[in-house]
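Heads up: take any position in the sequence shown, counting from 1, add 51, and you land on the numbering used here.
The structure under discussion appears below in the form of structure tokens.
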Amino acid sequence: MRPLFRRIALFMVAAVLGGCAMIPPEPIVTGPLTAEPPSPYAMPLAEPNGSIYQPTAYGNYPLFEDRRPRNVGDIVTIVIQERTNAQKRVATSTERGSGATLGWGAVPTILPGNVSPNQDFNISGSNNMEGEGETRADNLFTGTLTTTVVGVLPNGNLQIAGDKQIAINRGSEYLRFSGVVDPRSISGSNTVPSTQVADAKIEFRSKGVMDEVQTMGWLQRFFLNVSPF
């Protein structure tokens, strides 16, 4: 009996630890959120030739080139304009009927004598089923976030990423964004709508009191783990 009690005790301990463990939500924005600063040894230095414009110096732009971001470390302001609407309705209706009849017009002689033509029987049945379902989802997310170019693809597209963190009293919120931007879609004010960002990933979460309110208690998680239903 002792091995059985040990197994039960180990199971209860594992269930309690699993119920007490708080699994954080899986992040969808992964990777660096800002560009790494260049090494001071890798930065080209201005040549002491008296020229004001140094095309090879870091941070200088050609004379007739605009100020749109195109290098690692440049910033891009994302105007978040996400709105999704989805609606689905399903209706199902089925009907099925069946019947069978057996009648004795003439009773064969091989049957017992108590079997007569009056012993007819009828079998009938029906099955009806109706189902209807409807679902709808509306999401609206607006805001702005300034990101950093973390990489440049071979075709010139920019890989951007950034986050914004706000802490108020005992709670905090953070917004993270990543994606790929075509430099031609960036406006003169250095902004681009989120609807024109490829592979866009937006993450908005909170920590603190608001997050704890939406988290299931440890006792509820315990019974949820051990419950077979």
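Glycine included, C-beta positions come from ideal geometry on N, C-alpha and C.
Keep in mind the model is a prediction, meaning the values are calculated, not measured.
Whole angstroms are fine: how far does the CA of residue j sit from the CA of residue i?
| i | j | result |
| --- | --- | --- |
| R281 | I253 | What is shown of the chain runs 52 to 280, which leaves residue 281 out entirely. |
| I131 | A142 | 37 Å |
| R256 | K215 | 11 Å |
| E284 | R147 | Nothing in the structure corresponds to residue 284, since the chain is present only between 52 and 280. |
| V201 | A251 | 14 Å |
| T85 | S245 | 18 Å |
| S238 | N190 | 26 Å |
| A151 | I174 | 5 Å |
| S149 | N179 | 12 Å |
| G222 | A188 | 28 Å |
| N206 | Q138 | 38 Å |
| K258 | R140 | 36 Å |
| P78 | E224 | 14 Å |
| I126 | V203 | 13 Å |
Does the Cβ-Cβ distance between residue i and residue j come in under 8 Å?
| i | j | result |
| --- | --- | --- |
| G124 | T197 | no |
| V308 | A249 | Residue coverage of the chain in this structure runs from 52 to 280, which leaves residue 308 outside it and unanswerable. |
| F228 | V80 | yes |
| E181 | S144 | yes |
| N285 | T128 | The structure shown has nothing for residue 285, since the chain only spans 52 to 280. |
| L209 | P88 | no |
In the structure shown, what three-state DSSP assignment does residue i receive?
| i | result |
| --- | --- |
| N208 | coil |
| A72 | Below a pLDDT of 50, predicted positions are generally treated as unreliable, and A72, at 49, falls in that range; no measurement from the model is reported. |
Within the region 216 to 260, ranges of the beta strand (DSSP E) (whole runs, at least 3 residues): Segments of the beta strand (DSSP E) lying fully in the region 216 to 260: 222 to 232, 242 to 244 and 249 to 258.
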